[in-house]
Amino acid sequence: MTTKAKLLAVSIDCAEPKKLAEFYHEVTGLDILYSEDEYAGVGDGTTAIYFGRVPDREPAAWPGPDKQFHLDFRVPDVERAVEEYIALGATRPDFQPGVTEEGVGWIVLRDPEGHLFCVCPEKE
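First residue of the sequence shown? That's 1 in UniProt numbering, and the numbers climb one at a time after it.
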């Protein structure tokens with residue numbers, strides 16, 4: 001039997017770790033665990049998102065084959081959350097595969113450094 005691992009953290013390359021930690025702190029409510037120019041993180045004591053400084057990092061095209069990951073977050077009101085996250089510095093790309101004629105399934109945003117994340121409704 002394979003040893004089962006428990007996810008500790010996800011680490012994301014970025015140009016400004018402190019700024020991105022502050023953004024995700026506002027989006028998720030997770031505590032800022034660490035905040036330095038080279039490395040920062042948010043978490044709840046069990047799981048964390050860390051941000052490491054890579055000054056020349058370029059965001060992946062969307063849509064496109066270079067995307068390596070994205071984060072998904074559940075919220076009670078997708079449209080309201082999107083407005084709030086844009087006010088915090090997120091942007092909304094034109095391509096929205098979760099928005100159809102039937103309505104909004106989820107909305108794709110870019111964080112202030114261009115990483116993609118989805119704003120998803122709570123399960124009914």
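Cβ coordinates follow ideal geometry from the N, Cα and C atoms, glycine included.
Measure from the alpha carbon of residue i to the alpha carbon of each residue in the options, then state which is nearest.
i, options, result
"A60", "D44, V75, C14", "C14"
"E38", "D31, A21, T28", "A21"
"G52", "K19, D77, A90, T2", "K19"
"V54", "I12, E101, K123, T100", "I12"
"E84", "Y24, S35, K123", "Y24"
For residue i, which of helix, strand or coil comes out of DSSP?
i, result
"V82", "helix"
"L109", "strand"
"T91", "strand"
"P97", "coil"
"A5", "coil"
"D44", "coil"
"R53", "strand"
"G64", "coil"
Suppose the cutoff is 8 angstroms on Cβ atoms and the five residues either side in sequence are ignored; what does the same chain contact list for residue i look like?
i, result
"W62", "P93, F95, V108, R110, L116"
"V78", "V104, W106, I107, V119, C120, P121"
"G43", "A9, L30, D31, L33, I49"
"H70", "V108, H115, L116, F117, C118"
Is residue i close to the ligand ADP? I mean its beta-carbon at under 6 angstroms from any heavy atom of the ligand.
i, result
"K4", "The ligand ADP is absent from the structure shown, which contains no ligands of any kind."
Below 8 angstroms on the Cβ atoms is my contact criterion, and I expect residue i with residue j to pass it. Report the Cβ-Cβ distance as a whole number of Å.
i, j, result
"R74", "C120", "5 angstroms"
"G41", "Y50", "4 angstroms"
Determine the extent of the beta strand (DSSP E) in which residue i is found, giving its start and end residues.
i, result
"L33", "31-35"
"F23", "Premise fails: F23 lies in the alpha helix (DSSP H), 17-28, not in any beta strand (DSSP E)."
"R74", "71-75"
"P121", "116-121"
Whose C-beta lies closer than 6 angstroms to the C-beta of residue i among residues of the same chain, with five residues either side of it excluded?
i, result
"G29", "none"
"R82", "The sequence given here has Val at residue 82, not Arg. Answer for V82: I107, V119, listed in chain order."
"T91", "R110"
"S35", "K18, A21"
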